[in-house]
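Input: a single structure, listed below in structure tokens.
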Amino acid sequence: MKTETAVQRIRQLPDALASRIAAGEVVERPAAVVKELVENALDAGARRVEIEVAGGGLELICVSDDGRGIDPEQLELAFARHATSKLAEGDSLFAIGSLGFRGEALPSIAAVAEVELVSRLHGEDAGAAVLYRFGEMVRKTAKGAAAGTSVRVRRLFAQQPARLKFLRSRASEYQQIAAVAEHYALARTDIAFRLVIDGRQALLTAGDGDGRRALAAVYGHELARQMLPAGPYSDRGVAIEGWIAPPHLTRSTRQDLSLFVNGRWVLNRRLLFALDDAFQGLMPRGRHPIAVIFVDLPLDEVDVNAHPTKAEVRFRDEGAIFGVLQKALRQALSSFAPAPTMTGGWPVSEEAAYAVPSGAPGNGHLFDGPPVQFGAPAFEEGATQERPTVRSRLPLLRVLGQMGTTYVVAEGPDGMYLIDQHTAHERVLFDQIAARGESPGDVQALLVPVPVELSPAQVSALKDFSAELALSGFQLDEIDGGAYMLRCVPGPLAGKDPAAGLSELLSSLIDDAGAPDRRWKVRATLACHAAVRAGMTLTQEEMRELISQLEACEEPLACPHGRPALVHLPVEALDRQFGRNWR
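Mapping of the sequence shown onto the numbering used here: residues 55 to 637, in sequence order.
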């Protein structure tokens, strides 16, 4: 008997469905909408850009500018796919000077939201407005308006529940939106930017071309005052200019490394690595610099048409730009600290450093067999963060010294131990905080209350974790908007910069409003930020006290996040390396 197989016929997707699919490449989150609209405003010659958002950007995004405006007869064409005023026929895609050029932003946004665009040309008495609702034009009318363009986006992703499900917390979305506004405020200091989040002004720049004033609006006056100018420096047709923070001012992530190529905010891993690498030897490992760097080069040397969001770019000679950027940064840093000097010959690879000469015993590496697992493994994202139940004990250790201002070297009855001073102290502090239970325990009242300025995302994290932070010992009063007066801090932060400690703690909590164990999260984060850092010199007495406290911990082999606190080098392994027990 012959079975017929159903034939799958090829069908063309309806325009509305195709538009929603295409929109997913351009509009992946509310911040992407803000970025596209701001770039349109800049391309239109705006001198003032105002951004207003509400409900995490899902309820409202409004971007207004005083740019050239749009002819009323072309309002509908502005929402047609691949319709743009920025790229004429015959123009090269390898010499693009505008921020936008594909003609995809407005139709993509209109496909996934309700969009009203109001625009008036300079010199005209009246403007016009057009309303689109999820890809369909609803109406077009004449309307009085200020010169320029205003785009109001509502109900973003209301018909795409799957996209809504993958968005982060409201605080995290606000952080992304604020990042867009802050980056372009730094890039275009000649333009006045204003950002309003849930009715509160979060950013305001003067637009007077003063770079340091723009830095103060984004980072605060104290950090802006300490920023060092980088450049101007030019070589091989590449010009570098910008600002860098002194090496003692660092961040735990690369979020404050801002890179602009021909005025476009971009992400390029190799150039971001060049920024990090220029500071090598001047800051502790795991920390990253604060920098705002502008790279200018001929338009035909960079391809901005490499990614739908235009965030990633390709260079004709990336290696040359890497070298010029590093030279510019090291020249700027040389005025702050001398360049590190290498002694003892050329560095060798990690593999060569641990290799055993031919004819020696072993397999060519320091340790045989599988690596030892210390403590609990690092928590997987989304997993329940529970305290390990297995108790580990350390032998009695004798402190020998400190290596690289990062590791404590100690001797035990069965070999040598290397203790990571930051991870070990983090474990000690976490256990001390946890032992207090629901009591705030040791609280340090500040003699003079300290004012703290928080970003919108940090304010949201503060509200989400208010109960847990109060139990940890923080006491602060709101003054106005994102300004607070800090009156008490937990004991572990005593002697440290209280404003910086709170700010860093909140930045670490931004994406964790839905953490399964919020109290655990605050305890672990507080312990991490209060612990001694890599790069800090410890006295013999301080090292002995740290080892003594670590020995008393329930889980001394790992920090609360699962990172190993120590490494053990058994006597047998050392004997084998020196050929003392092989035949």
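Beta carbons are placed, not taken as given, at the ideal position from N, Cα and C, and that holds for glycine.
- DSSP, reduced to helix, strand and coil, places H479 within a helical segment of the structure shown.
- Contact between the region 106-119 and the region 196-213 is present, with at least three C-beta pairs closer than 8 Å.
- Looking at the backbone, the Cα of C116 and that of V107 are separated by about 6 Å.
- The beta carbons of A232 and A511 sit about 7 Å from each other, so the pair counts as a contact at 8 Å.
- With respect to R174, A180 sits close: the two C-beta atoms are nearer than 9 Å.
- The DSSP assignment places complete alpha helix (DSSP H) segments of no fewer than 4 residues inside the region 263-308 at 265-273 and 275-280, in order along the chain.
- For the set E595, P84 and D262, the Cα lying nearest the Cα of A235 is the one of P84.
- Contact check between the region 523-543 and the region 447-460: fewer than three CB pairs, one atom from each, fall below 8 Å, which does not count as touching.
- Residues of the same chain with a CB within less than 6 Å of the CB of V192, apart from the 5 flanking positions on each side, are L185 in chain order.
- Taking a cut-off of 8 Å on C-beta distances, the region 313-331 does not touch the region 279-290, as fewer than three cross pairs fall below it.
- Going by beta carbons, R384 and A332 fall inside the 9 Å limit.
- Between P343 and R305, the alpha-carbon positions lie close to 6 Å from each other.
- In this chain, R370 is not harboured by any beta strand (DSSP E), its DSSP state being neither H nor E.
- Under the three-state reduction of DSSP, K550 is assigned to coil, being neither helix nor strand.
- Taking all protein chains in view, the Cβ of F484 is crowded by 16 or more other Cβ atoms within 10 Å, so the residue is classified as buried.
- Inside the region 190-234, DSSP marks whole alpha helix (DSSP H) runs of 4 or more residues at positions 215-219, from first to last along the chain.
- Contact check between the region 572-587 and the region 464-480: three or more CB pairs, one atom from each, fall below 8 Å, which counts as touching.
- In the structure shown, R573 adopts helical secondary structure according to DSSP, grouped into three states.
- Contact annotation, L282 with W297: C-beta distance approximately 7 Å; criterion of less than 8 Å satisfied.
- DSSP places D350 outside any alpha helix (DSSP H); the residue lies instead in the beta strand (DSSP E), whose first and last residues are A345 to D350.
- Taken atom to atom, the span from the alpha-carbon of E465 to that of R630 is near 18 Å.
- In the structure shown, the three-state DSSP call for F314 is strand.
- Just so you know, the alpha carbons of L353 and N316 end up roughly 8 Å apart.
- If you look at F247, you'll find it isn't in any alpha helix (DSSP H); it sits in the beta strand (DSSP E) that goes A246 to I251.
- Look at C613 here: in three-state DSSP terms it is coil, with no helix or strand label.
- Listed in chain order, the non-local C-beta contacts of M590 below 7 Å within the same chain comprise T459, local neighbours out to five positions each way being set aside.
- Rounded to whole angstroms, the gap between the alpha carbons of G340 and G99 is 41 Å.
- Taking 3 residues as the minimum length, the beta strand (DSSP E) runs contained wholly in the region 494-548 are 497-507, 529-534 and 537-544, in order along the chain.
- For R368, the closest of E507, T195, V356 and A216 by C-alpha to C-alpha distance is V356.
- The Cβ atoms of V482 and I473 do not sit closer than 9 Å to each other.
- Restricted to the region 157-182, the alpha helix (DSSP H) segments that are unbroken, complete and at least 4 residues in length are 159-165, listed in chain order.
- In this structure, G274 lies away from D244, with their beta-carbon atoms at least 9 Å apart.
- The residues G469 and M470, in chain order, have a CB closer than 6 Å to that of L623 in the same chain once the five nearest residues on each side in sequence are set aside.
- Here the C-alpha atom of D551 lies approximately 51 Å from the C-alpha atom of I124.
- Looking at P301, A293 and P467, the one whose alpha-carbon comes closest to that of A382 is A293.
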